[in-house]
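Worksheet: one structure, shown below.
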Amino acid sequence: LHATVTEMVPYETIVKIDESLKTGEVEEDVAGVLGGKTGKYDIMYSLAEDLPGDTYKQYTSDVIYADLLANVDTNPAVSDMFSKPWGDVTVTSFTSSPATNRVLRVGIDYTHFVTEDGTSVIAADGTPVAKKYGLQPQETFAGYEYVTTRTEANGDRVHVYKKASATPVAPSPATPTTPAAPAASTPEAPATPKTGDTNLFAAFAMLVSGMIASAAAFITKKKNA
Numbered sequence: 015l016h017a018t019v020t021e022m023v024p025y026e027t028i029v030k031i032d033e034s035l036k037t038g039e040v041e042e043d044v045a046g047v048l049g050g051k052t053g054k055y056d057i058m059y060s061l062a063e064d065l066p067g068d069t070y071k072q073y074t075s076d077v078i079y080a081d082l083l084a085n086v087d088t089n090p091a092v093s094d095m096f097s098k099p100w101g102d103v104t105v106t107s108f109t110s111s112p113a114t115n116r117v118l119r120v121g122i123d124y125t126h127f128v129t130e131d132g133t134s135v136i137a138a139d140g141t142p143v144a145k146k147y148g149l150q151p152q153e154t155f156a157g158y159e160y161v162t163t164r165t166e167a168n169g170d171r172v173h174v175y176k177k178a179s180a181t182p183v184a185p186s187p188a189t190p191t192t193p194a195a196p197a198a199s200t201p202e203a204p205a206t207p208k209t210g211d212t213n214l215f216a217a218f219a220m221l222v223s224g225m226i227a228s229a230a231a232f233i234t235k236k237k238n239a
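The C-terminal residue of the sequence shown carries number 239 in the working numbering, and the numbering is unbroken.
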């Protein structure tokens with residue numbers, strides 16, 4: 015009895031990011047190729063294994079194929095022999111070919127946050143805002159005002175900002191100073207002469223009056239003479 019068993023060796027798909035491609039674009043650099051292992055076997059039923067019929071029937075073709083496939087996975091050498099309850103097996107041929115992995119390049123877009131001169135927006139902690147994967151909406155940054163959004167040739171989205179204008183603080187109106195009311199001047203009361211001074215003035219006045227009267231009498235008397 016002869017049997018040939020072949021097992022396919024799958025390839026892996028390697029994906030690389032290519033920023034020059036847009037999101038959804040895929041380029042195949044290397045096509046994937048399946049590998050394979052093939053073993054050929056001679057199977058001989060061993061008369062020494064005098065198995066009852068019911069027991070032997072359990073070794074169906076599926077069971078025998080699974081045992082041979084397991085041997086193929088070990089990369090056997092030609093002329094290797096092994097025994098199973100259902101018979102003796104000799105490897106008459108074995109070949110294998112490796113799989114070739116598939117290599118793909120896929121596009122991806124980024125979102126950038128820059129100022130009008132092309133430099134990165136600076137976050138509140140003082141570090142430049144990094145680009146983000148995918149096409150993201152605009153964001154708010156302290157000290158910046160959003161200007162516009164543009165799309166680059168490679169599909170990247172660029173949000174443009176400018177420094178926020180300082181809001182002028184309206185000066186508080188000066189409170190007019192209320193002039194102090196002039197102090198009301200209190201007229202000085204005429205000094206009241208002392209009692210002694212009053213008597214002195216009266217005596218002096220009487221003296222002056224007496225002198226004037228004497229002079230008048232003298233002048234009149236002289237005219238009459």
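Just so it is clear, CB atoms sit at the ideal spot from N, CA and C, and this is done for glycine as well.
- Straight-line spacing of the CA atoms in Gly53 and Val86 works out to 6 Å.
- Annotated three-state conformation of Asp76 is helix, per DSSP.
- The region 77-112 contains, as complete beta strand (DSSP E) runs of 3+ residues, the segments 95-98, 101-111 (chain order).
- Beta-bridge annotation (DSSP): Val44 is paired with Val117.
- Within a 10 Å sphere around the beta-carbon of Pro90 sit 16 or more other beta-carbons, which makes this residue buried.
- Judged by beta-carbon spacing, Val120 lies within the 8 Å limit of Leu35, meaning their Cβ atoms are closer than that value.
- Only residues of its own chain outside the window of five on either side were considered, and among them Gly121, Ile122, Asp123, Gly148, Leu149, Gly169 have a CB closer than 8 Å to the CB of Thr37, listed in chain order.
- In the three-state reduction of the DSSP assignment, Tyr25 falls in the coil class.
- Two segments are said to touch when three or more pairs of C-beta atoms, one from each, lie closer than 8 Å; by this definition the region 91-102 does not touch the region 127-136.
- Secondary structure within the region 114-185: the beta strand (DSSP E) runs of 3 or more consecutive residues, fully enclosed, are 116-121, 124-129, 158-165, 171-177 (chain order).
- Distance from the CA of Ala180 to the CA of Val128, rounded to the nearest whole angstrom, comes to 20 Å.
- In terms of Cβ geometry, Val23 and Arg116 do not form a close pair [threshold 8 Å].
- Per the DSSP secondary-structure output, Thr52 pairs in a beta bridge with Thr20, Thr109.
- Under DSSP, the beta-bridge partners assigned to Lys30 are Arg119.
- For the pair of segments examined, the region 137-147 was found not to touch the region 99-119: the number of CB pairs separated by less than 8 Å stays below three.
- A Cβ-Cβ distance of about 17 Å is found for the pair Ser110 and Gly46, leaving them out of contact under the 8 Å criterion.
- Val103 sits buried, since 16 or more C-beta atoms from the chains shown fall within 10 Å of its C-beta.
- Leaving aside the five residues that flank Leu83 on each side, the residues in its chain whose CB is nearer than 8 Å to its CB run, in chain order, Val19, Glu21.
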